[in-house]
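Novice: Sharing a structure here in structure tokens format.
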Amino acid sequence: MITQIPGGVTAATGFQASGIHCGIRKNRTKRDIALILSDVPASAAAVYTQNLVKGAPIAVTRRHIADGIARAVICNSGNANTCNANGEEVAEEMCRMTGEILGIDAGDVIVASTGVIGQPLNLEPIQNGLPALAEALGYDAESGTNAAEAIMTTDTVRKEIAVEFTLGGKTCRMGGIAKGSGMIHPNMATMLVFVTTDAAIAPALLQKALSSDVVDSFNMVSVDGDTSTNDMLSIMANGMAGNETVTDENSADYATFREALAHVTHYLCRMIAGDGEGATKLLVCTASGAKDKQTARTVAKSVICSSLLKAAMFGADANWGRVLCAIGYSGADVDVMRVDVDFRSAAGTVSVCRNGAGIPFSEEIAKTVLSEKEIDILIGLNSGDAEATAWGCDLTYDYVKINGDYRT
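In terms of the numbering used here, the sequence shown opens at residue 10 and continues consecutively.
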């Protein structure tokens, strides 16, 4: 049983966190550097963007966790450290300084950056801020929240969650924080997400669980169709819950661990999609009755990515033809003459399409249903038993305003 509890990355035993303003951002009211520290070496795993243009921190993190072990995460906002000639040197130096201030090996530090691409990252503010950042480390929920705030860019809300579960009779906890609002169309994992857990699990199985999870979580999120250069999802598992180390992928404990991870990631997916730049509505598209899982994923993701459909949802326009259109060009092998479409929200459900053709419905009721803050787009393919869900948001005038002057 997975139980959601208050907190974020500090909910798990043995994890501290902090977030402060060090001066990377001009706005002194915004935290711009975050730190997460495990009391002991932890199993570590990560997934990264598939964009050919990658932020320098990704290359450094890959090297550092190649042995499956990490102790800390250092992450700055306000500058992506991407497309800079000395980017990797800067990222390595961030790890070296972090390791020095914490008394740990620099090779055990995960490093991440988010913000504007192509601008040199000045290390002076980071160097000057690290003593205060380390001093601010705490095990309490507020310290975790401060870290969640420090990784935000255009996000309007903090994104954090924690859960409790049992492995081998031992109570375990898992927490996560995320940032992501624009440039969201993951093709690996997501924006920036950091997960901590006190469960004991072998590094190889941790990587397997993470890689498997993102296929149905962060790879099913889209805000604007742009795959970021700095997307990274990392997880540290320090084993301080005291359970017997999970080493068997066929065990009940591994299944429970994956369930807990899915609870955390799916929750953060919803938060990221609902906080899309300029968004007013969370869109949740579920494709059911598919002949296989991949077909369901392809259909749901195509619909959630349709700019025309996203614009229609902004206007509360039940233009179901845009759903069919997105299914038609998705590349999925479906029988369009079997497709059903419903729109659902807290205000009710309106059926708009059956067997690939429109059916009579009340435009007034549809408008009411689509005026809610969360809209379910339900697609029945009627060709099998597979199902998949994708998360997105509406497309509004404010998205263009935000990205028209992002650098300023």
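C-beta: ideal position from N, C-alpha, C; glycine also.
1) Please classify Q216: is it buried, with 16 or more other beta-carbons within 10 angstroms of its beta-carbon, or exposed?
2) Considering Cα atoms alone, identify which of A26, A89, V378 is closest to R80.
3) How would you label I119, buried or exposed, when you count the other beta carbons within 10 angstroms and need 16 or more for buried?
4) Let me check you understand the geometry: is the CB of M161 closer than 7 Å to at least one non-hydrogen atom of the ligand SAM?
5) DSSP state of H194, grouped into three classes?
6) Note the first and the last residue of the continuous beta strand (DSSP E) segment covering F352.
7) With 8 Å as the threshold, decide whether the Cβ of A55 is near any Cβ in chain B.
8) If you draw a straight line from the C-alpha of N90 to the C-alpha of G389, how long is it?
9) Under three-state DSSP, which class holds A156?
10) List the endpoints of the continuous alpha helix (DSSP H) containing Q303.
11) Which residue comes first and which comes last in the beta strand (DSSP E) that contains C181?
12) Rounded to whole angstroms, what is the Cα-Cα separation between A68 and S52?
13) State buried or exposed for K382, treating a residue as buried only when at least 16 other CB atoms are found within 10 Å of its CB.
14) Quick one: residues in its chain with C-beta nearer than 6 Å to the C-beta of D407, no 5 flanking neighbours on either side, listed in chain order?
15) Below 8 Å, can you find three or more Cβ-Cβ pairs linking the region 84–99 to the region 258–272?
16) Do you know how far the Cα of G112 is from the Cα of A325?
17) Applying the 10 Å Cβ sphere with the 16-neighbour rule, what's the burial state of A397?
18) Would A121 and M241 qualify as a contact pair, given that the criterion is a beta-carbon distance under 8 Å?
19) When burial is assigned at 16 or more other CB atoms within 10 Å of the CB, is K410 buried or exposed?
20) Pull up the distance between the alpha-carbon of Q303 and that of C31, whole angstroms please.
21) What first and last residue would you give for the beta strand (DSSP E) that runs through C84?
22) What residues are listed by DSSP as bridge partners for E383?
23) Counting only the same chain and skipping the five closest in sequence on each side, list residues whose C-beta sits under 7 Å from that of G138.
24) Which residue from A150, I83, D344, E169 puts its Cα closest to that of A143?
25) Below 8 Å on the Cβ atoms is my guess for T12 versus E173; work out the distance and round it to an integer in Å.
26) Helix, strand or coil for F174? Go by DSSP, reduced to three states.
27) For the beta strand (DSSP E) that S338 lies in, which residues bound it at each end?
28) My output table needs one value for G23: the three-state DSSP class, helix, strand or coil.
29) Can you tell me which of I386, E258, N259, S243 puts its alpha carbon nearest to the alpha carbon of T58?
30) Could you check how far apart the C-beta atoms of R347 and S297 are, in whole angstroms? I think they sit under 8 Å.
Specialist: So, from the listed chains and residues:
1) buried
2) A26
3) buried
4) Absent from the structure shown: the ligand SAM. Ligands present: none.
5) Only weak support exists for where H194 lies, its pLDDT of 47 falling under 50; the value from the coordinates is given anyway. H194: coil per DSSP, three-state reduction.
6) 349–354
7) Structure shown: chain B not included; a single protein chain is present.
8) Computed Cα separation, rounded: 44 Å.
9) If DSSP states are grouped into helix, strand and coil, A156 belongs with the helices.
10) Start and end: 302–314.
11) For C181, the uninterrupted beta strand (DSSP E) segment begins and ends at 179–188.
12) 19 Å
13) exposed
14) Taken in chain order, the residues that qualify are G287.
15) Counting C-beta pairs closer than 8 Å gives fewer than three between the region 84–99 and the region 258–272, which falls short of the contact rule.
16) 55 Å
17) Buried, by the Cβ-count rule.
18) yes
19) Counting Cβ neighbours within 10 Å, K410 comes out exposed, since fewer than 16 surround it.
20) 45 Å
21) Residues 78–88.
22) L291
23) Closer than 7 Å at Cβ, skipping near neighbours: I29, C31, G32, I42.
24) I83
25) 5 Å
26) Three-state DSSP puts F174 in a strand.
27) The displayed chain sequence assigns Tyr, not Ser, to residue 338. Here Y338 belongs to no beta strand (DSSP E), and DSSP marks it neither H nor E.
28) coil
29) S243
30) 12 Å between Cβ atoms; not a contact.
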